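In this note's numbering, the protein residues as written are 218 to 498. Using N, Cα and C, we set each Cβ at its ideal position, and we do this for glycine too. Note that the structure is predicted; figures quoted are calculated from it, not measured.
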């Protein structure tokens, strides 16, 4: 087995293990396997010398995804070491709930920025691929428009609840990632490989980016309501208890992990395949 094939198989296996660990609520293991998956995928892209036109841009995108995965793993271990479980109650002795929540928002915004930069690298790889003309782009264009309309309707509900500048100041990296991934999806149809791995991967990345935006906007909305309660309202701060999901199935998180990792993998493999096919023709 060649080195590139071995790295691709290792990446796929690690991705499956990450999703399985997420399903079983094994957070640390899921994050670790996800990092291994992205590292193996990065190695696969770097050793694929046949696709020189997109290798470095795709490698940059996957590398940024790996950096975000490493940061999330570090943050999770830091929280576990400091509190024993992921809850705000144990941290009230050192800092207020509002300040701790804001710190979590800043971290998620940093992770969203890494996602946006990674998507930007992959989008640059898509643009570097030659356009094959024809009607191949019609399907991805229509799909992008539908996805954009769905995303826009969901985002519009958040705009009237809180001050727009403050909201955009927090969620702009996730918004940028969503728009970049949808733009790359629209352009991928005419540059797709024969198996259409590239458009499918970009569609999954767009779903992951919109989910990131929704989560970040929802978390900011909760923080804003807590930090700026309505006049005359009385806020009683209690002590949270551990709500560790250990021992229970976490289907939604497992699906989110699978979508994010599969999207990155399919885009990387699809871009390399499309580049090879273009060179061969």
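For residue 247, does the three-state DSSP call read helix, strand or coil?
DSSP places residue 247 within a helical segment (H, G or I) once states are collapsed to three.
Burial state of residue 461 (16 or more Cβ within 10 Å)
Model confidence at residue 461 stands at a pLDDT of 45, short of 50, so the residue's coordinates are unreliable; what they give is reported in the following sentence. Answer is exposed; the Cβ neighbour count stays below 16.
Would you give the residue range spanned by the alpha helix (DSSP H) that residue 409 belongs to?
Residue 409 -> no alpha helix (DSSP H), and no H or E assigned at all.
Three-state secondary structure (DSSP) at residue 347?
In the structure shown, residue 347 sits in coil (DSSP, three-state: anything other than H, G, I, E or B).
Here's the rule I'm using: 16 or more other beta-carbon atoms within 10 Å means buried, otherwise exposed. How should residue 370 be labelled?
When all chains shown are included, residue 370 counts as exposed.
To the nearest angstrom, report how far apart residue 339 and residue 278 are at their CA atoms.
When rounded, the distance between both Cα atoms is 5 Å.
Three-state class that DSSP yields for residue 177 in the structure shown:
Nothing about residue 177 can be read from this structure; the chain reaches only from 218 to 498.
Look at residue 324 and residue 388 and say whether their C-beta atoms are less than 9 Å apart.
Taking C-beta atoms as the reference points, residue 324 and residue 388 fail to come closer than 9 Å.
Would a C-beta distance cut-off of 9 Å place residue 415 and residue 359 closer than the cut-off?
Taking 9 Å as the Cβ cut-off, residue 415 and residue 359 do not qualify as a contacting pair.
Backbone CA spacing between residue 243 and residue 252 [nearest angstrom]:
Their Cα atoms are separated by approximately 14 Å.
Which same chain residues, not among the five before or five after residue 391, have their C-beta less than 6 Å away from its C-beta?
329, 429, 430, 433.
Through-space distance from residue 401 to residue 229, alpha-carbon basis:
Those two C-alpha atoms are separated by around 23 Å.
Going by C-alpha distance, which of 412, 409, 420 is nearest residue 365?
That would be 420, whose Cα lies nearest to the Cα of residue 365.
Which of the three DSSP states is assigned to residue 352 in this structure?
Coil, per DSSP.
For residue 490, count the other beta carbons within 10 Å of its own beta carbon; 16 or more makes it buried, fewer makes it exposed. Which is it?
When all chains shown are included, residue 490 counts as buried.
Roughly how many whole angstroms lie between the Cα atoms of residue 219 and residue 481?
Between residue 219 and residue 481, the C-alpha separation is close to 22 Å.
Consult DSSP for residue 219 and reduce its assignment to one of helix, strand or coil.
Residue 219 falls in the coil class under three-state DSSP.
Buried or exposed: residue 464, going by 16 or more other Cβ atoms within 10 Å of its Cβ?
Because residue 464 sits at a pLDDT of 47, beneath the cut-off of 50, its placement in the model cannot be relied upon, and the point is left open.
Have a look at residue 309 and residue 383 and give me their C-alpha separation to the nearest angstrom.
Note that residue 309 scores 47 on pLDDT, short of 50, meaning its location in the model is unreliable; the coordinates nonetheless yield the value given after this. Just so you know, the alpha carbons of residue 309 and residue 383 end up roughly 25 Å apart.
I believe residue 332 touches residue 394 by the beta-carbon criterion, under 8 Å. Please report the beta-carbon distance rounded to the nearest angstrom.
Indeed, because the Cβ distance is near 5 Å, the residues count as touching under 8 Å.
Exposed or buried, which one is residue 236 when buried takes at least 16 other CB atoms within 10 Å?
Using a 10 angstroms sphere on the CB of residue 236, the tally of other CB atoms reaches 16 or more, which defines it as buried.
Check whether the Cβ atoms of residue 425 and residue 477 lie closer than 9 Å to each other.
Yes, the Cβ-Cβ distance between residue 425 and residue 477 is below 9 Å.
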